[in-house]
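The structure under discussion appears below in the form of structure tokens.
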Amino acid sequence: MKNEFVTSLKHLLQTPKQCVIFPHKNPDGDALGSTLALYHFLRAKGHDAVIISPNEYPKFLQWMPGQENILLFNREQSRCLDLIQKAEVIFTLDFNALSRISPINDFLVDHKATFVMIDHHQSPENYAPLTYSDANIGSTCEMVYSVLHTWDASIIDTAIAECLYTGIMTDSGSFRFPSTSSTTHRIVADLIDRGVAHAKIHQNIFDSARFERLQLLGRTLQHLKTVNPLPAVYTYLRQNDLDAFDYQKGDTEGFVNYGLSLEGIQLAVILIENTQEQIIKMSFRSKGSFDVNQFARKYFSGGGHKNAAGGKSDESIENTIVKLEKAIRDCTQDFE
Ligand SMILES: [Mn+2]
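Counting the sequence shown from 1 gives a position; my numbering is that position plus 219.
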């Protein structure tokens, strides 16, 4: 599938094209890494490429090579719309449903550009005639690496390698999630050979916390509750917790994972209140057979991967907790 995809892509990009590349809303390391790597590659190949992010991304990613050229749709809407209108090829990376770039999707209806999708989430939509979708691969960056390496490995310089490394590392939980394969490590070995300073990247991502963020983590851990006797825990942050510690975008990234560090725990959930959007944002993480993609789809209008998913609730935090506990108990048989 990948080789066919690369052949079609090369054919599509035989002559210089105007390309727009979209990461999903609230882009993470994999979304930014994959879009930036592709951006550098396309420009090296003589195409006119821009990255348009629906909104801001966390500070711990604001060092990535080329990130200063990313346009933010929520900040510069008319400039972005102009570029979108002119696009001949539209890339959607690290997502597979156009609602993930809302409200930009409203401007893509009947767009004449050729859509290209590279993504590793389940159940892709069929908007892209060129689709490379594989839910067994741990990161979109790993897929983009394979595409670029097959296309023209000589273009993969240190900047591209750093972008790809970042996404592979963050989406694999620093190479420890089950989706991490020997191929993942071979790719990473090649990226290091191409000049990636991996220790520096880990520091940029993990050792750049603000004092308030660590205190917010403390509050999150104090709120941790077990769902006895099941191997599940959840925690929550109210809007006033976020306000008390001067919450900034990305601060709660990774908080949900701490629950899984408890011995025997197979499911961890975090609920985060957002009074402005009037929703509770939820993240689910699991180990082993418990499928949080199914769980989030069934109970909390979300989805994602088997061991990492997101969802939401329109109810109060109290009601959401009641609903969550009931949903977890309904799934008793899904634990190992
Ligand atoms: Mn990803």
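Heads up, the beta-carbon is just placed ideally off N, CA and C, and yes, glycines get one too.
In this text, all values refer to a predicted model and were calculated from it rather than measured experimentally.
- When the alpha-carbon of F326 is set against those of L349, T539, L302, the nearest one is in L302.
- N245 carries a coil assignment under DSSP once its states are collapsed to helix, strand and coil.
- Within the DSSP bridge table, the entry for V452 names T445, A487 as partners.
- Within the same chain, and ignoring the five residues on either side of L479 in sequence, the residues whose Cβ sits closer than 7 Å to its Cβ are A487, R504, K506.
- Burial state of S352 is buried, judged by a 10 Å Cβ sphere holding 16 or more other Cβ atoms.
- In this structure, T439 places its C-beta atom within 7 Å of the C-beta atom of L456.
- Taking C-alpha positions only, G529 is separated from A416 by approximately 31 Å.
- Per the DSSP secondary-structure output, F503 pairs in a beta bridge with V488, A528.
- Proximity to T350 across D329, D313, H368 peaks at D313, based on C-alpha coordinates.
- A residue is called buried once 16 or more other Cβ atoms fall within 10 Å of its Cβ, and I411, having fewer, is exposed.
- Collapsing the DSSP output to three states places S318 in a helix.
- When only Cα atoms are considered, V363 and S400 end up about 16 Å apart.
- Closer than 6 Å to some heavy atom of ligand 1: that does not describe the Cβ of T403.
- With respect to G386, S358 sits close: the two C-beta atoms are nearer than 7 Å.
- Exclusion of S393 from the 6 Å shell around ligand 1 follows from its C-beta lying no nearer than that to any non-hydrogen atom of the ligand.
- Relative to ligand 1, D390 has its C-beta within less than 6 Å of a heavy atom.
- Judged by their CB atoms, A316 and F334 are not nearer to each other than the 7 Å cut-off.
- The alpha carbon of E275 has as its nearest neighbour, out of K545, K468, V239, the alpha carbon of K468.
- Linking A527 to D376 through their CA atoms gives a straight-line distance of about 31 Å.
- Between L257 and I271, the C-beta gap is not smaller than 7 Å, which leaves the two residues out of contact.
- When DSSP reads this structure, A372 sits in no beta bridge, so it has no partner.
- The shortest CA-to-CA distance from E361 to any of E223, K264, K517, T254 is the one to T254.
- Fully contained in the region 318-401 are the following alpha helix (DSSP H) runs of length 4 or more, in chain order: 359-371, 377-390.
- Taking the Cβ of T399 as the reference point, every heavy atom of ligand 1 lies at 6 Å or farther away.
- In the three-state scheme derived from DSSP, where H, G and I count as helix and E and B as strand, T311 is classed as strand.
- The distance from the Cβ of K244 to that of P273 is about 4 Å, consistent with a contact at the 8 Å cut-off.
- Secondary structure at C550: coil, using DSSP grouped into helix, strand and coil.
- In this chain, V475 is not harboured by any alpha helix (DSSP H), its DSSP state being neither H nor E.
- Boundaries of the alpha helix (DSSP H) harbouring D462: 458-463, taken from the DSSP string.
- Not one heavy atom of ligand 1 lies closer than 6 Å to the C-beta of S535.
- If you compare the alpha carbons of V308, R298, E287 with that of A268, the shortest gap goes to V308.
- Sequence-distant partners of N222 (beyond 5 residues in either direction) whose C-beta falls short of 7 Å from its own C-beta, in its chain, are T369.
- Remark: the shortest separation between the CB of T254 and any heavy atom of ligand 1 does not fall under 6 Å.
- Only residues of its own chain outside the window of five on either side were considered, and among them G357 have a CB closer than 6 Å to the CB of S398, listed in chain order.
- The beta carbons of Q458 and T494 sit closer together than 7 Å.
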